[in-house]
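Engineer: Position one of the sequence shown corresponds to residue 814 (my numbering), numbered consecutively onward.
Even for Gly, the Cβ is constructed at its ideal location relative to N, Cα and C.
Provided herewith is a single structure, encoded as structure tokens, for subsequent inquiry.
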Amino acid sequence: MDLHSSIDAMTDRSPFTLVSDRAANLAPSVAATVASPLGERDAADQLLGLFDLLLGEADQNVLLERFHNWANRCGLADSVGFTDADDELAVVLGEQRHHRALYQLDIDGSTLGAVTLSRRQRYSEPELTLLERALGGLARALRLARQLARAQTTAMHDGLTGLLNRRAMDERLTQELLLSKRHSSALSLMIIDIDHFKDINDQLGHLVGDEVLRRLAQAFRACVRESDLLFRLGGDEFAILLPRTGLSGAADVARKIRETVEHVTVELAAKAGGVLPRVSIGVADLLPGDDDKALLQRADTHLYHAKAQGRGRVCISV
């Protein structure tokens, strides 16, 4: 593949538009077009250098920082600002200048966001042609990063409740355990089981069972801090990881969850055919020498002890 074919692969292969709202102080004769040919080989080399920086990077902020550094080195922009079309996140890198060019990045019918570039001097037509080809590569890199982020989110979340799933728990438990040991901070884990949930599914069907799972997941979320991590492990089993929380504090949260569920299940009783779902909860805290399996096993043992004692209970020891 020759030099220009490599560049075309990054800029011209799928529908892409740059909507430029140039400031009045920019030269009015400058044409905004993605298809303009590159007139100099050094410009093509600069583009290939940029694409090498962007390819394979999945973090949007890193992509924008690399684009800004490249544009700054090439003298094309002192500052690069980006406004995300999805969450209105505004990022401004570098010192803003008087002469500006605003571009909306649209690719395959979707708006990625708006890029604002500024510098002291006016832009020439060759410079804008180079810049717009570069923005084409940036747009594709941003799109790939978002697709990867969405795929990762889907892979780590339970589709029914929106909570993190078992795969996510395996990763986060290991991470939080390492952080807890590094900073000598407390860490607790609770495992929650919905009592008699099988009866609801068997007697009333899975649609009612799904509604119970969703409502109870909302109740769990309302009882914890933003920093706590909620997981659906599968079926009617859930887990909550509580960083910087000892056994006593975690037990208090567990009791709050049990009481909240009792109020919520009264509302669900009509849908659940008179069955009042309650929860059994096993709680354990991190002890010296524990690994993730030991902490999980102890919380699991406490859960089954709570169920053996009559269900609808919180157990922190055996």
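#1: Using 8 angstroms as the threshold, is the C-beta distance between D1098 and L1060 below it?
#2: DSSP on Q1122, reduced to helix/strand/coil?
#3: Tell me which residues share the same chain as N978 and place their Cβ nearer than 7 angstroms to its Cβ, disregarding the 5 neighbours each side in the sequence.
#4: How would you write the range of the beta strand (DSSP E) that P1056 sits in, first residue to last?
#5: Return the first residue and the last residue of the beta strand (DSSP E) that T974 is part of.
#6: Given a cut-off of 8 angstroms on the beta-carbon distance, is the pair L918 and V905 in contact?
#7: Using only the alpha-carbon positions, how far apart do D1104 and D983 sit?
#8: Considering just the uninterrupted stretch of the alpha helix (DSSP H) at I1094, what are its terminal residues?
#9: Quick check: the stretch 948-959 against the stretch 1013-1029, are at least 3 beta-carbon pairs closer than 8 angstroms?
#10: Quick one: is G950 buried, meaning 16 or more other Cβ sit within 10 Å of its Cβ, or exposed?
#11: Where do the N-terminal and C-terminal ends of the beta strand (DSSP E) with Q934 fall, by residue?
#12: What are the start and end residues of the alpha helix (DSSP H) that includes G1022?
#13: On the three-state DSSP scale, how would you describe G862?
#14: So is P1056 buried or exposed if we call it buried at 16+ other beta carbons inside 10 Å?
#15: In terms of DSSP beta bridges, what is G1047 paired with?
#16: As a quick exercise: from R1124, C887, I1094, T1058, pick the residue whose alpha carbon is nearest that of R1111.
#17: Using DSSP with H/G/I as helix, E/B as strand and the rest coil, what is D921?
#18: May I have the straight-line CA-CA distance separating A1030 from H996, to the nearest angstrom?
#19: Looking at C-alpha atoms only, which residue of C1128, V1077, F880, V1037 is the closest neighbour of R953?
Structural biologist: Based on what the coordinates show:
#1: What you label residue 1098 is simply residue 285 of the sequence shown in a count that begins at 1. What you label residue 1060 is simply residue 247 of the sequence shown in a count that begins at 1. In contact: D1098 and L1060 (Cβ atoms closer than 8 angstroms).
#2: Numbered from 1 along the sequence shown, position 309 holds the residue referred to as residue 1122. Note: Q1122 maps to coil in three-state DSSP.
#3: For the purposes of this step, residue 978 is taken as the residue at position 165 of the sequence shown. Around N978: M969, H970, D971, F1044, R1045.
#4: As a first step, residue 1056 is located in the sequence shown; it is residue number 243 there, counting from the start. Looking at the DSSP string, the run of the beta strand (DSSP E) that includes P1056 is 1050-1056.
#5: Mapped onto the sequence shown, residue 974 falls at position 161. Careful: T974 lies outside any beta strand (DSSP E) and carries neither H nor E.
#6: Locating residue 918 in the sequence shown gives position 105, counting from the first residue. Locating residue 905 in the sequence shown gives position 92, counting from the first residue. Not in contact: L918 and V905 (Cβ atoms no closer than 8 angstroms).
#7: Position 291 of the sequence shown holds residue 1104. Position 170 of the sequence shown holds residue 983. Cα to Cα, the separation comes out at about 12 angstroms.
#8: Counted from its first residue, the sequence shown places residue 1094 at position 281. Counting along the chain, I1094 falls outside any alpha helix (DSSP H), though it belongs to the beta strand (DSSP E) covering 1092-1098.
#9: no
#10: Position 137 of the sequence shown, counted from the start, is the residue given in the question as residue 950. Result: buried.
#11: Your numbering for residue 934 matches position 121 in the sequence shown. Unbroken run through Q934: none, as it is neither H nor E.
#12: The count along the sequence shown starts at 1 and reaches residue 1022 at position 209. Residues 1019-1035.
#13: For this step, residue 862 is matched to residue 49 along the sequence shown. Correct three-state label for G862: helix.
#14: The residue you call residue 1056 lines up with position 243 of the sequence shown. Per the 10 Å Cβ criterion, buried.
#15: The sequence position of residue 1047 within the sequence shown is 234, counting from 1. In DSSP, G1047 forms a bridge with E1050.
#16: To locate residue 1111, count along the sequence shown from 1; it is residue 298. Comparing C-alpha distances from R1111 to each of R1124, C887, I1094, T1058 shows the shortest one belongs to I1094.
#17: Here the question's residue 921 lines up with position 108 in the sequence shown. D921 falls in the coil class under three-state DSSP.
#18: Taking the sequence shown and counting its residues from 1, the one referred to as residue 1030 is at position 217. Taking the sequence shown and counting its residues from 1, the one referred to as residue 996 is at position 183. Taking the straight line joining both Cα atoms gives about 30 angstroms.
#19: Your numbering for residue 953 matches position 140 in the sequence shown. The shortest Cα separation from R953 among C1128, V1077, F880, V1037 belongs to F880.
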